[in-house]
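Residues in the sequence shown are numbered consecutively from 108, following our numbering.
I have placed the structure first, in the form of structure tokens, so that the comments after it can refer back to it.
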Amino acid sequence: MDIHKLSQRGIGDLQRSLERFENYNDGFILPDTFLVVRLDAHRMGEWSSAYSDYPCGPAVTKALHDTARSLMTSTFRVLVAFVHGDEISLLIDPSESVNPMRRSKLISTVASAAAAHFMKASGQQALFEARLSELPTAERVVEYFFWQRRYCFRNAITIALRGSLIAQGYSAEDAEKHIHGVSEQARLSKLEQVGGGAKSIPHTTRRGALFCWETLLRDGREHFRLASHAALSDNDEEYLQFLSGVLGEALGTSSSASVPAPAAEPRLAEQLPANTDPAPAEQKRPFRGNKKTNVSVFKVATK
């Protein structure tokens, strides 16, 4: 290497020469696709006893729910989030990919934001692995979120069965031997024998939680509120009808009238008279202006 020659090169020449090594294998996101980022948390360091039942338990679940809410209001525009176990799936607003964007920017920004928000919510350190799906149709989006629901249920059954076996005196190794390679139905049957069955698992643990935006038309302007659905139906067909409605409304592929929300959490009508809101004050979060989030601006909310 000629050190003198290298030292004389300008920054523009160096940038043209070397930036290509950053970009050539960092492809652009496909146009006209629906983007879902799936975040998988991994513990780092020592966690406090309140989080010892990771990835389940009320403290972990609350922290992940808070993290999902923050991600929906602080980085890229997010339409829907689904949280189960230690995973968060985010449906990105199609407006974010109108202009070419490289995958690394989306993945790295969302993953680092998740880690910061989780630390803020829990005081615990976690690394978030991010995976991007570029889905070709709205039907694939519904399929994706239904897959995550089934994944949630399978994991919940497995964790509950493992815990029940260990509580009965099995070693961790022997408990794994009883679970490994066993079908989901067989795990359910075994859980009925040694535990309390699927219904003994906290509802949010076995079915996850869905977060989406509610719209209120007030004084001729749209206002948004983040809605939480943590009492999702155990019936797959009922849930699919609800999910299809939520995603259709979020993506603009169906009318809001087709969204049958769970009875435990009624949704607002699409249009309400000015300055009216039927939801009980103690069950709602305040409506916030006419923007869901600032595009590509990372903020950590203060309490």
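Cβ coordinates follow ideal geometry from the N, Cα and C atoms, glycine included.
Computed from a predicted structure; not experimentally measured.
Give the straight-line distance between the Cα atoms of V143 and L171, rounded to the nearest whole angstrom. About 17 Å.
Between the Cα of S240 and those of T140, R116 and D343, spot the shortest distance and give me the residue it belongs to. Per the C-alpha coordinates, the member of T140, R116 and D343 positioned closest to S240 is T140.
Euclidean distance between Cα positions of T383 and V353: Confidence at T383 is low in this model, with a pLDDT of 32, below 50, so the placement of that residue is unreliable and no value is reported for it.
Can you grab the Cα-Cα spacing for the pair G230 / Y161, in whole Å? Taking the straight line from one Cα to the other gives about 14 Å.
Where D173 and L333 are concerned, what is the direct C-alpha to C-alpha distance, given to the nearest angstrom? Here the C-alpha atom of D173 lies approximately 12 Å from the C-alpha atom of L333.
Buried versus exposed call for G303 [16 or more other C-beta atoms within 10 Å across all chains shown]: Exposed: under 16 other Cβ atoms inside 10 Å.
Sort V249, S219, F225 and P165 by Cα distance to L198 and report the nearest one. Out of V249, S219, F225 and P165, the CA that lies nearest to the CA of L198 is found in V249.
Can you tell which of Q115, T182 and F225 has its C-alpha closest to the C-alpha of I214? When each option's Cα is compared against that of I214, the closest is T182.
What's the call for Q122, buried or exposed, on a 16-neighbour Cβ count within 10 Å? Label assigned to Q122: exposed.
Output the distance between the C-alpha atoms of R325 and E299, rounded to the nearest integer angstrom. Straight-line Cα distance between these residues: approximately 50 Å.
Are the CB atoms of E203 and R145 within a distance shorter than 9 Å? No, the pair does not count as a contact, with Cβ atoms beyond the cut-off.
Please report the straight-line C-alpha distance between S124 and A218, rounded to a whole angstrom. Roughly 29 Å between the two C-alpha positions.
By Cβ distance, which residues of its chain are closer than 6 Å to R116, with the 5 residues on each side in sequence left out? So no residue of the chain qualifies.
For H224, the nearest candidate out of I266, V185 and A175 (CA to CA): Closest by C-alpha distance to H224, out of I266, V185 and A175, is A175.
Exposure of L339, with buried meaning 16 or more beta-carbon neighbours within 10 Å: Per the 10 Å Cβ criterion, buried.
With distances taken Cα to Cα, identify the nearest neighbour of V190 among A157, A337 and I110. Checking every option, the nearest Cα to that of V190 belongs to A337.
What's the gap between the Cα of D133 and the Cα of S211? Straight-line Cα distance between these residues: approximately 7 Å.
Delimiting residues of the alpha helix (DSSP H) encompassing F235: In the DSSP assignment, F235 falls outside any alpha helix (DSSP H) and lies within the beta strand (DSSP E) extending over A233 to L242.
Since F135 sits in a beta bridge, which residues does DSSP pair it with? When beta bridges are read from the DSSP output, F135 appears opposite R209.
Kindly indicate the opening and closing residues of the alpha helix (DSSP H) around R116. According to the DSSP assignment, R116 belongs to no alpha helix (DSSP H), since it is labelled neither H nor E.
Counting C-beta neighbours from all protein chains within 10 Å, is the total for L375 16 or more, i.e. buried, or is it exposed? Residue placement at L375 is flagged as unreliable, the pLDDT there being 32, under the threshold of 50; the coordinate-derived value follows with that caveat. That one is buried.
Closer than 6 Å by C-beta to F235: which residues in its own chain qualify, once you throw out the five before and the five after it? Chain order, please. By the criterion of a C-beta distance shorter than 6 Å, F235 is surrounded in its chain by L146, A148, A218, A221 and A222, once the five residues flanking it on both sides are discounted.
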